[in-house]
Amino acid sequence: MLASRAFHSSVNGTTAIPWRSSRRRLSLLEQLRACQEAWCPRTPWDREEVQAVLRGTPAGSFLVLRDSVTSQPSLLCVSAGEQNEEVLHYDLKYTGTVFQLSESRLSFSDLPQLVLFYSLTRDVLSVCLTIPCWIYSVTEMNKNRLSQLEPKTWLSTPPELQTEEMTNKELSNVMCSIQLTSTNGALCIINPLYLREHGDDWLTHRTTAAQSSTSRRDRRLSTTRAWTGSGLQNKRAVSLEQEPSAVSEDVSGLVRARSADSASNPTTPTGVVLRRSSKDFPNSPFQRLTTGSLSTPSTPVSIIPEVHRHSSPLPQSPHRVSWIEDGFWLPPPRPSSLLHPPSLELDSLSISSIEEEQESQFPSPSSYHPSPHRLANKVINRLSAVGQALGGLVSQKKRLTNRVLELSERKGGAFAEAVKGFVEMTLKGGPDPSGVTGPEFLQEVRSSLTSLREILLDYAEIQAILDSITDLNDLEIDSLVELSVHKVALKPVSAHLYNYIHTSRTNDGSFERLQSNFLVLEKKEVQDLGGSAGVGVPDSVILERIKQRWSSMHEAYSPNKKIQILLKVCKSIYHSMSANTSSGTVFGADDFLPCLTWVLLRSNLVALQVDTDYMMELLDPTQLQGEGGYYLTTLYASLYYISSFRPRLAARQLSMEAQKSINQWHRRRTLYCNQSRRSKHRRTIRRQSCHDQSKQDSDAETGCKNGSVEEHNPDSTDVSEQQTGRSSETAQAQSENAQSEPEDEDESHTAAPTSDWQPAAQQEVAADNQEDGQTVCVAEEEQQSAF
Amino acid sequence: MALRELKVCLLGDTGVGKSSIVCRFVEDSFDPNINPTIGASFMTKTVQYQNDLHKFLIWDTAGQERFRALAPMYYRGSAAAIIVYDITKEESFQTLKNWVKELRQHGPPDIVVAIAGNKCDLSDAREVPEKDAKDYADSIHAIFVETSAKNAININEAFTEISKRIPVIDAEGGPSGKSFKLGRQATESRRTCC
């Protein structure tokens, strides 16, 4: 928790996303920082001493020596291997702002970054630095011990840190922030955000049970921040795939490191690990094959993906495919090079004996020059490869979903019981004769979903599956789990929830307003709705397609799935908007909102309102800031605009109502926001207590109506404290927030200045409040004129 | 190293060039091929700021008066708001002042406010003197830039300034940014009126 807390900012609207932090471990960089004293001892050591210590240690073991005079780090000493008596020395420079090896022009803002970088890529070194395995098992808990380590313990494994898991943990800690690859001297940077969005499993794979040397090499490219500007100040070709024992090539050229596909030396595996289909290895379906090269020109290009697909109907994990490392974004390879050009990459995936074939191709390297035809094939192959990789992802999802399903049916299991309880309670809940408001109930459902997810994460078998999906970030993993929970828990109750929303929206008059305003607005063209003159609207064909999408959105039970469909609709609306305009015209919200409104007025408003509420209340709060959240907000806003449309109503008052509405919603979401993230203390479903709470809450609210005069109290903190006092629910939520999520606490303050308006039903029925709203308006207008 | 997602809300009259500013800002993303958003109303761009990556999630709002009421749905939870006016339209500057006021009252308390006078390439038609706007911005401790989305003037600068003012995450240690607490000021000013 401590570690993850560090990433969740306490600032409005900011979320720090730890790409790999969920296991509450320190990042490798933090770990290195913590034990810097061990690998860069402060007390002056001399060369001999270091040499003696390093001798006989595994290749890549290193220590950094400080200059005896300046006590600045001045020398990097690296062991060349257990058999090798020699210890390699590299001069370190500190320019006052950056560290660099004097042979290299890569500079780093601090020493741990340098070490981390050279542990991932050799650059000018003969071998990659080896960071002891045990460091990966260091957590926040035993972090303090790190600072007490000594160089000798650094090189061996400190017993107190020795755990059986340390051999496997290597990969899980690597924060994936950039991928550097090189081909023929070009540098290819793969945007980390792309990886975050799409996962990098198609790029990389993980060997869970591989020997450490494999995973070492295979750790690939990922570094926490080696590239962050200060870290990587000049762009050079770097290969992060070097075998530690590889001998340094000519270091004078710009291309200092061999790229994965230019392995002129077949004895140097470049860390490409290919999965073989299970048929090839009936006894060991998970066996992987390490090869030195990706290029197998003798293989017919376009057939391979097919073969591969057939031979492994269930790709179990994505491939570490090297083809990404060549020409796709890069200029064609130098034809005269002796290195064989990266003409065929992907195809080699399914080839078992690549190494032999690679050798055989050496005699005629020039015959593999890329041609347009080949390029086309490459593109096709890449597409197949992506499909393949997605297939791998899908199958992971499937495995997870199946397992979750299985767990939900396992008699007597905690998860099965919880799901059963959830479904029963949800089906019992619903429109109360006493008129309990909708949102609270839905928030209960939301928080139960979160609890179910937590329960699920307690299962070792689920954790095992999740751990095997290494190349998704936490958010993606969360949403995978979330989706599987939707399937077992939300699916059975979704119809009931629709009913429920429908009833509460009917009761509060929203549908009526929507319908009557629909009659007022339906004839309006998009310009009358505020759109600018040139903006286009969907034609009848597209409108029809949109309507179909709306109905499939309505059919989807998962809010996440609904959001995806919503995005598709928005996309086609954009398309129509700019259909008749010259390219380059940009349509922002000024035009999109009217256009969406225009579309909504031609759609089933009631169903859309139900779906919108469903998404707003049940979507995992972490999803609310992104693109999905934006368009959901816009959909909500548009529906709100329609339902509250009153031609002659003062804009200000409308504004107040809108604010009330949104703040009620925001307040509710804030209360449960922390639950949606992984929290240390697991919650069980608190159905009963929630009921009690909401009852108390509504009691509290009736009691506090008279407090509404102070609602406009300028001091937001005071208001929020009053609020805390009034509502036990809020109080509890806030204390929970305070425990687990600083950000949430902050958010509740965020909501505070206006969150003092009470929930919808009370608000809209209570006449006093209405009056109060007007008072507020007046006050505001006065203020405005004073402004 | 962490990726921080910063929700940034764009406010201002219709036609002042809100989305043009964002498009200009986003178009030279370090990898434009990657995950483009579906439309110009919501765009993202990630920039590096010190040891963090700041991913700006930019929420555009409809500037028409009739949609003003909907703005709170957009600016709630924002880390920053960019309020845009058109230097050739005095009226848009008055609208801007109303937005500032509304944010003070109902916006997130720590929201960073940036004021952008757009279309500074059209200085012949200028109606809002730069000094007036600058003085106003200073008086509310907001970031001030005159921008030209057309000529790509001051666009990146505006976002860099925002990055600077985003409070540093405490738990990460390090120097804290010059954070601008609109909330506190709003508190004072509202006290006087109630």
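Chains as they are written, first to last, in the working numbering: chain U, 285 to 1071; chain D, 109 to 302.
Note that the Cβ used here is the ideal one computed from N, Cα and C, for glycine as well.
Where P905 (chain U) falls: helix, strand or coil (DSSP): helix
CB contact below 8 Å: S284 (chain D) versus chain U: Any reading at S284 (chain D) must be qualified, since the residue scores a pLDDT of 39, below 50, and its modelled position is unreliable; no value is offered.
Cross-chain neighbours of H770 (chain U) in chain D, by beta carbon under 7 Å: Result: empty, since nearest Cβ-Cβ is about 23 Å, beyond 7 Å.
Within-8 Å CB hit, S128 (chain D) to chain U: So yes, S128 (chain D) belongs to the interface.
Exposure of S731 (chain U), with buried meaning 16 or more beta-carbon neighbours within 10 Å: buried
Presumed contact (8 Å Cβ cut-off) between A257 (chain D) and I129 (chain D), rounded CB distance: 5 Å
N- and C-terminal bounds of the beta strand (DSSP E) containing A110 (chain D): A110 to L119
Beta-carbon neighbours of G910 (chain U), restricted to chain D and to distances below 9 Å: E113, F150, T152 and L165
Contacting residues, own chain, Cβ-Cβ under 6 Å from I369 (chain D) (five flanking each side not counted): Lying outside 109 to 302, the shown extent of chain D, residue 369 (chain D) is not represented and no answer is given.
L119 (chain D) at chain U interface by Cβ criterion, 8 Å: It does not: the Cβ of L119 (chain D) has no partner Cβ on chain U nearer than 8 Å.
Neighbour flag for L178 (chain D) against chain U, beta carbons, 8 Å: yes
Through-space distance from L827 (chain U) to A110 (chain D), alpha-carbon basis: In a straight line, the C-alpha of A110 (chain D) is about 42 Å away from that of L827 (chain U).
Close-in-space but distant-in-sequence residues of the same chain around S816 (chain U) (CB under 6 Å, 5 per side omitted): These residues qualify, in order along the chain: D875.
E254 (chain D) - containing beta strand (DSSP E), residue span: I251 to E254
Rounded distance between the beta-carbons of V236 (chain D) and I195 (chain D), thought under 8 Å: Separation of the CB atoms of I195 (chain D) and V236 (chain D) is rounded to 5 Å, and the pair is thereby assigned contact status at 8 Å.
6 Å CB neighbourhood of E135 (chain D) in its chain, flanking five on each side removed: none
Chain D contact for D812 (chain U) (CB, 8 Å cutoff): For D812 (chain U), the answer is no, since every Cβ of chain D falls outside 8 Å of its Cβ.
I749 (chain U) vs Y898 (chain U) beta-carbon contact at 8 Å: no
Start-end ranges of the beta strand (DSSP E) lying completely within the segment 800-870 of chain U, minimum 3 residues: none
DSSP state of V337 (chain U) mapped onto helix, strand, coil: helix
Neighbour flag for T122 (chain D) against chain U, beta carbons, 8 Å: yes
V411 (chain U), enclosing alpha helix (DSSP H) - first and last residue: First-last for V411 (chain U): undefined, no H or E at that position.
V707 (chain U) versus U:D895, U:S352, U:P776 and U:D823, residue with shortest Cα-Cα distance: Here the closest residue by C-alpha is U:P776.
Minimum C-alpha distance to D168 (chain D) - residue among U:Y402, U:Q909 and U:I926: U:Q909
V124 (chain D) - DSSP class collapsed to helix/strand/coil: coil
Other residues of its chain near N888 (chain U): CB distance less than 7 Å, five sequence neighbours each side excluded: Annotation for N888 (chain U): W834 place their beta carbon closer than 7 Å to its own, counting only its chain and skipping 5 residues before and after.
Beta-carbon contacts of K377 (chain U) that lie in its chain and below 6 Å, excluding the five residues immediately before and after: Q384 and S386
Euclidean distance between Cα positions of G125 (chain D) and E173 (chain D): 16 Å
Chain U contact for T268 (chain D) (CB, 8 Å cutoff): Taking a beta-carbon distance threshold of 8 Å, T268 (chain D) does not count as an interface residue toward chain U.
Closest residue to Q832 (chain U) among U:D812, U:V853, U:T379 and U:F795 (Cα-Cα distance): U:V853
Which of helix, strand or coil DSSP assigns to D160 (chain D): strand
Cβ of H1101 (chain U) within 8 Å of any chain D Cβ: This structure cannot speak to residue 1101 (chain U), because chain U is shown only from 285 to 1071.
CB-CB length for F201 (chain D) against F267 (chain D), believed under 8 Å: F201 (chain D) to F267 (chain D), Cβ: 21 Å. No contact.
CB of S842 (chain U) within 8 Å of CB of L774 (chain U), strictly: Closer than 8 Å, so yes.
Proximity of G912 (chain U) and I847 (chain U) at Cβ, strictly below 8 Å: yes
DSSP-derived helix/strand/coil call for N360 (chain D): Chain D is shown only over 109 to 302; residue 360 (chain D) falls outside these bounds and no answer can be derived.
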